[in-house]
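S.K.: Protein chains in written order, with the numbering used here: chain A, 2 to 116; chain B, 29 to 139. Ideal Cβ placement from N, Cα and C applies to all residues, glycine included.
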């Protein structure tokens, strides 16, 4: 049973380019969460999605960032016109949410470097 | 949203028992307490979850007093490979608010 898969593991972008981060949740999981982690810091919540719905995007910057979780295919976190401050590790987590307080299952992240 | 407070770092030696305490004074009735472990360059890994009293699995034990304002993660006989950051999360997944990680506790296990 494959875990949460994120790709790419490493992504380098120049300032002003677009970054697309992909997340395939665990089989049977319909809830996806995105977090950002700066070096030596904890994880900061960005957005929570269900299939075709954004449930909570309170942690995501209003500009340049967007997220989707289509009916088919992976969840995508998109960062337009990247800046150096976007350099971080971006983690995706999934849960089934059909069993009360199901814990989150995390992928190993995408490390974005903006040059 | 319950805020958590953990020690920033702890040191231990191989074979010792390690107890990491998390304070969550504003925990709500429907909140669960969940602990995660994170190694460098990896995503957090679920360790244990509880609501009250004591929970034990093959990896750790979680002690929660009656008032639930704190919890203690207990790692028996740690090894070098337990060196990691440990996060305590408090929230109600059904309400979608188990969302915020604190700074975590950086555990260093020495030989």
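In the DSSP assignment, what are the bridge partners of residue 101 of chain B?
M.R.: B:48, B:90.
S.K.: So is residue 78 of chain A in contact with chain B if we call contact Cβ pairs under 7 Å?
M.R.: no
S.K.: Taking Cβ-Cβ distances shorter than 9 Å, what residues in chain B pair up with residue 9 of chain A?
M.R.: Under the 9 Å cutoff, chain B gives no residues; its nearest Cβ is about 14 Å from residue 9 of chain A.
S.K.: Taking contact to mean at least 3 C-beta pairs separated by less than 8 Å, is the stretch 39 to 50 of chain B in contact with the stretch 48 to 65 of chain A?
M.R.: no
S.K.: Who does residue 78 of chain B pair with in a DSSP beta bridge?
M.R.: B:61
S.K.: Let me check understanding here. Comparing Cα to Cα, which of A:114, A:106, A:45, A:72 lies closest to residue 97 of chain A?
M.R.: A:106
S.K.: Could you spell out where the beta strand (DSSP E) holding residue 114 of chain A opens and where it closes?
M.R.: Segment 111 to 115, the beta strand (DSSP E) holding residue 114 of chain A.
S.K.: With residue 36 of chain A and residue 92 of chain A assumed to form a contact (beta carbons below 8 Å), what rounded beta-carbon distance in angstroms separates them?
M.R.: Going by Cβ atoms, the distance from residue 36 of chain A to residue 92 of chain A rounds to 5 Å, so yes, they are a contact pair.
S.K.: Applying a beta-carbon distance threshold of less than 9 Å, which residues of chain A neighbour residue 128 of chain B?
M.R.: 43, 44, 45, 46, 60
S.K.: Which residues in the same chain as residue 82 of chain A place their Cβ atom closer than 6 Å to its Cβ, once the five residues preceding and following it in sequence are excluded?
M.R.: Correct list, in chain order: 17, 65.
S.K.: Got a sec? Which residues, its chain only, sit under 7 Å from residue 6 of chain A by beta carbon, not counting five neighbours each side?
M.R.: So the qualifying residues of the chain are 25, 108.
S.K.: DSSP three-state call for residue 86 of chain A: helix, strand or coil?
M.R.: Three-state DSSP puts residue 86 of chain A in a helix.
S.K.: Within 10 angstroms of its Cβ, does residue 81 of chain B collect 16 or more other Cβ (buried), or is it exposed?
M.R.: exposed
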